[in-house]
Amino acid sequence: MSPRHSAAEARHTRERIIERSVDLASVEGLEGLTIGRLALDLGISKSGLLGHFGTKEALQLAALERAAVVFNREVWRPAADATPGLPRLRGVCAAWISYLEREVFPGGCLFVSSTFEYDGRGGPVRALLQRQFRAWELRLTTEVRRAVTTGELPPDTDAAQLVFELYGVMMSLNHAIQLYGAGRAPALARAAVARLLAT
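This is how it looks when you write it as structure tokens:
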């Protein structure tokens, strides 16, 4: 086997591990990512799997980083070309609801479940989650402030409060879908967003 072919095989195996890790973590939590379970699911040896990541924590971090790529693709990109401010904010919220409704991750939003799992802990996994949430909050806050500047939202709009409430809608939607099935929850979420973003 040539070095180039070997490197390509290694990249392919690493991708398979990360993809399976994200799906599994969304259902069973980041702590549910065990080397033995993943090796069995993927038909590779434990030592072969460890060779790609070294530690369970490194695997958890890789899963969160991949989840962020998926979230960006599903939620931000569909609205990225919309006019900055309220149109883009509405587009992001519509895509966010769709992402949860379609259950892009089999166990619901990995970030929501991981937050519950790690909110009382320290360490690199929690630190990465905090950075990811802050980056997303900043994007939303920027769009709210643009909407205020352009007069699309009232001048006394508290951007932090509005972003907090939008987060609350999405977390409630994720909870409802995962616990009860979609039902009326997506429609309720859309109504809540429409009320929050009314001009």
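FYI, the numbering for the sequence shown is 1 to 199, going by UniProt numbering.
Ideal Cβ positions, reconstructed from N, Cα and C, are used throughout, including at glycine.
In its own chain, which residues sit with a C-beta less than 8 Å from the C-beta of residue i, not counting the 5 before and 5 after it?
{"i": "Leu196", "result": "Leu162, Glu165, Leu166 and Val169"}
Quick one: is residue i buried, meaning 16 or more other Cβ sit within 10 Å of its Cβ, or exposed?
{"i": "Gln130", "result": "exposed"}
{"i": "Glu152", "result": "buried"}
{"i": "Leu138", "result": "exposed"}
{"i": "Ala135", "result": "exposed"}
{"i": "Gly69", "result": "The amino acid occupying residue 69 in the given sequence is Val; Gly does not appear at that position. Val69 is exposed by the Cβ-count criterion."}
{"i": "Ala7", "result": "exposed"}
{"i": "Ala80", "result": "exposed"}
{"i": "Gly183", "result": "exposed"}
{"i": "Phe116", "result": "exposed"}
What residues in its chain sit with their C-beta under 6 Å from that of residue i, if we drop five residues either side in the sequence?
{"i": "Ala192", "result": "Val169"}
{"i": "Leu179", "result": "none"}
{"i": "Ser172", "result": "none"}
Assuming residue i and residue j form a contact by the criterion Cβ under 8 Å, report the distance between their Cβ atoms to the nearest whole angstrom.
{"i": "residue 230", "j": "Leu89", "result": "Nothing about residue 230 can be read from this structure; the chain reaches only from 1 to 199."}
{"i": "Val112", "j": "Asn174", "result": "5 Å"}
{"i": "Leu33", "j": "Leu59", "result": "6 Å"}
{"i": "Pro186", "j": "Glu101", "result": "5 Å"}
{"i": "Arg20", "j": "Leu42", "result": "6 Å"}
{"i": "Ile18", "j": "Ala62", "result": "5 Å"}
Starting from residue i and walking both ways along the alpha helix (DSSP H), at which residues does that stretch end?
{"i": "Asn174", "result": "Ala159 to Tyr180"}
{"i": "Cys109", "result": "It is not in any alpha helix (DSSP H) - Cys109 carries neither H nor E in the DSSP assignment."}
{"i": "residue 211", "result": "Since the displayed the chain opens at 1 and closes at 199, residue 211 lies outside it and no answer follows."}
{"i": "Glu143", "result": "Pro124 to Thr149"}
{"i": "Leu59", "result": "Lys56 to Phe71"}
{"i": "Leu197", "result": "Unbroken run through Leu197: none, as it is neither H nor E."}
Which residues in the same chain as residue i place their Cβ atom closer than 7 Å to its Cβ, once the five residues preceding and following it in sequence are excluded?
{"i": "Ala176", "result": "Ala185"}
{"i": "Arg14", "result": "His52"}
{"i": "Arg16", "result": "Leu42"}
Would you kindly check if the distance between the Cβ of residue j and the Cβ of residue i is under 9 Å?
{"i": "Val27", "j": "Leu64", "result": "no"}
{"i": "Ala127", "j": "Thr141", "result": "no"}
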